[in-house]
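Report on the structure given below.
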Amino acid sequence: MSTAPLREIEMWSPEIVSEQRPDGTWIISRGDPLRDYPDRVTDRLVYWAEKAPDRPWMAERDSSGGWRKISFSETLKAVRSISQMLLQHGLSAERPLLILSHNSIEHALMALGAQHVGIPSSAVSTAYSLISEDCAKLRDIAGQLTPGMVFAQDGPAYQRAIDMVFGPEVPAVVVTEPIDGRECLDFHEVLEIEPTSAVDEAYQKVGPDTVAKFLFTSGTTGSPKAVITTHRMLCSNLEMVTDCYAFMREGGEPPVVVDWAPWSHVASGNKVFNLMIYNGGTFYIDHGKPSPAGMKETIRNLREVSPSWYFNVPAGYEMLVNAMETDDALRESFFKRLQMLMYAAAAMGQHTWDRLNELAVETTGHRIFLGTGLGATETAPFALMCMEEQEIAGNVGIPSQGLTLKLVPHGDRLEARIKGPSVTPGYWRNEKMTKEAFDEEGFYKLGDALRFAVPGDPSKGFYFDGRITENFKLRTGTWVGVGALRAKLVDEFKGYVRDVVLVGENRDELGAILIPFYPKLRELIGDAGGLNDLQVLAHETVRAKMEELLDGHVKQSTGSATRVMRAIFLADELSFDAGEITDKGSINQRAVVRNRDELAESLYNNHDRRVFLARKLREAA
3 MSTAPLREIE MWSPEIVSEQ RPDGTWIISR GDPLRDYPDR VTDRLVYWAE
53 KAPDRPWMAE RDSSGGWRKI SFSETLKAVR SISQMLLQHG LSAERPLLIL
103 SHNSIEHALM ALGAQHVGIP SSAVSTAYSL ISEDCAKLRD IAGQLTPGMV
153 FAQDGPAYQR AIDMVFGPEV PAVVVTEPID GRECLDFHEV LEIEPTSAVD
203 EAYQKVGPDT VAKFLFTSGT TGSPKAVITT HRMLCSNLEM VTDCYAFMRE
253 GGEPPVVVDW APWSHVASGN KVFNLMIYNG GTFYIDHGKP SPAGMKETIR
303 NLREVSPSWY FNVPAGYEML VNAMETDDAL RESFFKRLQM LMYAAAAMGQ
353 HTWDRLNELA VETTGHRIFL GTGLGATETA PFALMCMEEQ EIAGNVGIPS
403 QGLTLKLVPH GDRLEARIKG PSVTPGYWRN EKMTKEAFDE EGFYKLGDAL
453 RFAVPGDPSK GFYFDGRITE NFKLRTGTWV GVGALRAKLV DEFKGYVRDV
503 VLVGENRDEL GAILIPFYPK LRELIGDAGG LNDLQVLAHE TVRAKMEELL
553 DGHVKQSTGS ATRVMRAIFL ADELSFDAGE ITDKGSINQR AVVRNRDELA
603 ESLYNNHDRR VFLARKLREA A
């Protein structure tokens, strides 16, 4: 690890309290209590509209390529007009606002306009409308929520989905062209509505237990579930985050983020979106994404805007690192005022972790703190966070203020459960699923396993130890720890794969389906686009490198449950409709294995040229 100093930032000073019960269960909490927090999310919007009326709250690229910005005072004015319109249309928790849109200023204003007067909103993954052929998940969501209005950024783009799912009695608000066959309000005309006293009266009635929004789980094992998200959950969670990221509190430089993650997902939709409102910061909407094509827009944005806090998934960081190697302007802008980096959704390769540190030192003379955490849609999401400097990636940290972590023995692992004010009261209109989600002491069951970073010392944090439902047994009866092994493999494949899916249940040995990272593979063979993706995967240089890396992995493995003997590339895209991938890029292990049974089976055909075999198997073949 570099000896360069860490850029100094103000962080939390946690006090950990723990006990171990006779049955092996651990109860871990914080001795330092959670500070007071507002009753309503928009309380802080009202505060900043008065305190810093002209400060930009949000910015988005306009058609000319510049940044259009909206200030805190302009935001509050727009929110009140939208609130008036929603009240006039009789929206409520029983008839909420459904948002079909990518991230945009208009999307943000509609959501806040609803929440300001106690009307829940629900941002739905655009994939359910624009990518899905049958809109089955959108139809299911509509059935659960019975929305009273739909917002669509682009009327023509979403008309097919809206016509398939919603009756003509459901009105729509659009920013661009109207939708035929239903009442359709022009967003810009909505902003001209003069709010009445009804808005203020409704705002005063909003309390901590008022439903602020519905967020949907990815639905990888069935229909998406509507997670009830209250104002108490959001506000307490924002105070937890601000305790952790103490450098964001009022009095210092207002925070700036450049963020691409969809607001239909809890990480950005709850945490990042509201964090800027809570702490008076500016949110720059990044219309890029962590893909070879989408990353170009992200890089463009980061050349112009220097974030003080930055989040991405490991694949995004990998591409960002590659770009910064040859782009001095990008590197200078990115690190200029950066105080902290965060990653989530997948394992961070050690080579990426190390190179980020090296680039930061080369640019600023300081290392930049890089951490990760653990949470869920049901925890709003911030639950555990690592703010202790680490030499290797993967420590998800300790519980946030106000939360209690319960670790329950589950075989040879510890199952994580959470209790606190930021935990959901349950699933909308689904008492059975709500009851099943909590244990007898009221702890929400995360479904994740954790292991101590330092055995017996909860103050040193925990490592993710896989999903409880992901693990499986080999034919020998040996359990495979899927989460830890996936993380290890991603690191050992040196950036040539962005994730792996393990197979081998009830077999003698493990195999892996590799999710390729094409930019790195093309770099390996010196190809700038002359070959198609299938030709890249079949290239002899690629094949030789994969076998070399697989052999290196096997040499370091200690037994059959940690040793992958064969691998194969996934040559086509992961499917949203089939639940294989979420908006944020997380991969569902079981869904991929279930849907790709033929590919999984082909792994065990030693004569299939697509399969990479470890040396022992190659020699025997």
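Just so it is clear: in the sequence shown, position 216 is 218 by the working numbering, and no numbers are missing. Even for Gly, the Cβ is constructed at its ideal location relative to N, Cα and C.
{"Item": "So who's on the other strand from V260, going by DSSP bridges?", "Value": "Y286"}
{"Item": "Going along the chain, which residues of its own chain have a beta-carbon closer than 7 Å to the beta-carbon of E108, five neighbours each way excluded?", "Value": "Q155, V177, F189"}
{"Item": "Leaving out five residues on either side along the sequence, give the residues of the same chain with a beta carbon under 8 Å from the beta carbon of H104.", "Value": "T128, Q155, P264, H289"}
{"Item": "Taking the alpha helix (DSSP H) that D659 falls in, what are its first and last residues?", "Value": "With the chain represented from 3 up to 623, any question about residue 659 goes unanswered, as that position is not in the structure."}
{"Item": "For the stretch 199-212 and the stretch 75-86, state whether three or more C-beta atom pairs, one from each stretch, are separated by less than 8 Å.", "Value": "yes"}
{"Item": "Tell me the rounded alpha-carbon separation between R9 and Y606.", "Value": "49 Å"}
{"Item": "Answer yes or no: do G399 and L409 have a C-beta to C-beta separation smaller than 8 Å?", "Value": "no"}
{"Item": "Among residues of its own chain, excluding the 5 on either side of A580, which ones have a beta-carbon nearer than 7 Å to its beta-carbon?", "Value": "A593, N597"}
{"Item": "Please classify I394: is it buried, with 16 or more other beta-carbons within 10 angstroms of its beta-carbon, or exposed?", "Value": "exposed"}
{"Item": "Anyone know if the C-beta pair for T406 and S20 falls short of 8 Å?", "Value": "no"}
{"Item": "Buried or exposed, going by whether 16 or more other CB atoms sit within 10 Å of the CB of A331?", "Value": "exposed"}
{"Item": "Helix, strand or coil: which one does DSSP assign to I11?", "Value": "coil"}
{"Item": "Going by C-alpha to C-alpha distance, which of I583, N432, S335, T471 sits closest to G483?", "Value": "T471"}
{"Item": "A228 bridges to which residues according to DSSP?", "Value": "F218"}
{"Item": "Roughly how many whole angstroms lie between the Cα atoms of Q86 and E185?", "Value": "17 Å"}
{"Item": "Per DSSP, which one or two residues make a beta bridge with V201?", "Value": "Per DSSP, none; premise fails for V201."}
{"Item": "Below 8 Å on the Cβ atoms is my guess for I527 versus D501; work out the distance and round it to an integer in Å.", "Value": "Not quite, the Cβ-Cβ distance comes to about 21 Å (not below 8 Å), so this is no contact."}
{"Item": "Among the residues of its own chain, which have a CB less than 7 Å from the CB of T222, if the five just before and after it don't count?", "Value": "Only weak support is given to the placement of T222: the predicted model assigns it a pLDDT of 46, under 50, and the value that follows is read from those uncertain coordinates. Hits under 7 Å: G581, N590, A593."}
{"Item": "With DSSP run on the structure shown, which of helix, strand or coil describes Q22?", "Value": "strand"}
{"Item": "Three-state secondary structure (DSSP) at Y39?", "Value": "coil"}
{"Item": "Would you call the CB atoms of W430 and F216 closer than 8 Å?", "Value": "yes"}
{"Item": "Between which two residues does the alpha helix (DSSP H) holding P158 run?", "Value": "157-167"}
{"Item": "Are the beta-carbon atoms belonging to I287 and A325 less than 8 Å from one another?", "Value": "no"}
{"Item": "Between which two residues does the beta strand (DSSP E) holding S75 run?", "Value": "No beta strand (DSSP E) holds S75; the alpha helix (DSSP H) holding it covers 74-90."}
{"Item": "Less than 8 Å between the beta carbons of D467 and L452, yes or no?", "Value": "yes"}
{"Item": "Using the C-alpha atoms, what's the distance from K338 back to G254?", "Value": "16 Å"}
{"Item": "Bridge partners for T148 per DSSP, in chain order?", "Value": "Answer is none; T148 lacks a bridge partner."}
{"Item": "In the DSSP assignment, what are the bridge partners of W355?", "Value": "Bridge partners of W355: none, in fact."}
{"Item": "Excluding the five sequence neighbours on either side, which residues of its own chain have a C-beta within less than 8 Å of the C-beta of M242, listed in chain order?", "Value": "L36, F384, S402, Q403, G404, L405, S424"}
{"Item": "If distances are taken between C-alpha atoms only, which option among P294, S270, D261 comes closest to S310?", "Value": "D261"}
{"Item": "Secondary structure at S94, three-state DSSP: helix, strand or coil?", "Value": "coil"}
{"Item": "Considering only the alpha carbon of each residue, which of V503, V201, N508, Y498 lies closest to L523?", "Value": "Y498"}
{"Item": "Around the C-beta of V152, are 16 or more other C-beta atoms found within 10 angstroms, so that it is buried, or is it exposed?", "Value": "buried"}
{"Item": "Would S73 and P55 be called neighbours here (beta carbons separated by less than 8 Å)?", "Value": "yes"}
{"Item": "From the DSSP output, read off the bridge partner residues of H104.", "Value": "Paired residues: none, contrary to the question."}
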